[in-house]
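Quick note: the sequence shown, position 109, residue 109 per the UniProt record's numbering, numbers continuous. Glycine included, each C-beta is placed from N, C-alpha and C at the ideal position. Keep in mind the model is a prediction, meaning the values are calculated, not measured.
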Amino acid sequence: MKISGEAIPAVAAGDAAAVDTQTVVVFGETLVDQFRDRNVLGGAPFNVACHLQALGAHPVLVTRTGKDPLGEQLLQAMSLRGLDLRGVQTDPVRPTGRVRVTETGSGHAFDILSEQAYDHIHASLARLVTLSVHPHLVYFGTLSQRGASRRALRELLGVAQAPVFLDANLRDPWVDDEVLRRSLQQADVVKLNEGELTRVAETFSLAGRTLEARAGRMLEAFGLQRLVITCGAEGAWTLDAAGRFQSVAGKPLAEVVDTVGAGDGFAAVFMLGMLRRWPLTTILARADAFARAVCRIRGAVPDSPDFYLPFVRGWQLEPEVARA
């Protein structure tokens, strides 16, 4: 449900949020990237939920897996990471989401298979879970809206009395202009990279000489409260409906292993900052630093919880994590 008024109390300093206001409904795909020599568990919602859980929030992942070995592997990984599984559905017919990854001369090619379990998240179950957990924030993307899951998202958002965070994650050939339009209309806060901002502006004829001007048009056109724009190694910036601009300067990326999942890490920490009511400058700086750290590991989610310790300690999250 789109929330009127200020959706980001985090821009004000102080008034730290209590641990019992850390619930985030994370809606969308969970899948397995199948490389030639290994399987990697993922999907942006899975990655975001893992980060939020490790940093002391309470993500409730609303998704659907198949009744197959890959689904069992995903469920085991979720359990080991302490994720709340009440929103995870099992499809008796359709397979767990898969992405076939092949090596190319310039990197990797991704074949995101269709008609997967996460394309058919059950609407009534998603609605009931959302009602039961009383989320303080809802996260979703566009990939999981390819099929019947669109209805599940619509019903979920209809009962969630919370700000809505959209991380568009545009993935060709699964970009549907009408789905994108509806997603933007449903959101309060939208995260895009610079390329996605340009694409959205062109798709919906949002003119402007600069990216910031286009962002302003986008905020107005879709009734958004905030846009968050990531710029890779160059940092990130944000613009709100009142025209207030804030940025974090980037630095050269060092010791890069791969950039997979860096945007998901950024989104998770940005939302954590919203929940914890950090000042906006702090949110941007910490989200950027975390995304850079993700670039220094293989894959989107670390194998060891030790990865999170510097952030838990440096951001003074230890009491919250201990009691969560």
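If you draw a straight line from the alpha carbon of residue i to that of residue j, how long is it in whole angstroms?
i	j	result
E212	L227	10 Å
Q161	L85	21 Å
P9	L275	In this prediction, P9 scores a pLDDT of 48, lower than 50, which makes its location untrustworthy; the coordinate-derived value is nonetheless stated afterwards. Cα to Cα, the separation comes out at about 8 Å.
T23	F110	32 Å
T203	A254	35 Å
L74	T198	35 Å
residue 332	T96	Nothing about residue 332 can be read from this structure; the chain reaches only from 1 to 324.
G263	K2	23 Å
D177	R313	42 Å
G28	R81	18 Å
G243	T104	43 Å
T30	A77	11 Å
L239	R150	28 Å
N47	R217	31 Å
R64	Y118	5 Å
residue 346	F140	Nothing can be reported for residue 346, as the shown portion of the chain is limited to 1 through 324.
Could you name the residues that DSSP lists as bridge partners for residue i?
i	result
T203	Paired residue(s): none; T203 is not in a bridge.
residue 325	The structure shown does not extend to residue 325, since the chain is modelled only from 1 to 324, so the question has no answer here.
Y139	V26 and F165
D33	V40 and V99
Tell me whether residue i sits in a helix, a strand or coil according to DSSP, three-state version.
i	result
residue 337	Residue 337 is absent from the structure shown; the chain starts at 1 and stops at 324.
I283	helix
L227	strand
V257	coil
A236	strand
G66	strand
P302	coil
M1	coil
R292	helix
residue 329	Given that the chain is displayed from residue 1 to residue 324, the structure contains no residue 329 and the question cannot be resolved.
G208	coil
R277	coil
L317	coil
Let me know if residue i comes out buried or exposed under the rule of 16 or more other beta-carbons within 10 Å of its beta-carbon.
i	result
A16	In this predicted model, A16 has a pLDDT of only 41, less than 50, meaning its place in the structure is not dependable; the value taken from the coordinates is given anyway. Under this definition A16 is an exposed residue.
Q145	buried
E155	buried
K251	exposed
G158	exposed
S183	buried
V269	buried
Are there any heavy atoms of the ligand GDP lying less than 7 Å away from the beta-carbon of residue i, as far as the coordinates show?
i	result
F140	As far as ligands go, the structure on display features none, and thus does not contain the ligand GDP.
- prompt: Whole beta strand (DSSP E) runs in the stretch 141 to 199 with 3 or more residues, listed along the chain?
  reply: Qualifying beta strand (DSSP E) stretches, in chain order: 164 to 167 and 189 to 193.
message: Runs of 3 residues minimum, wholly inside the stretch 68 to 133: which ones carry the beta strand (DSSP E) assignment?
response: Along the stretch 68 to 133, the beta strand (DSSP E) occurs as fully enclosed runs of 3 or more residues at 88 to 91, 97 to 104 and 107 to 112, listed in sequence order.
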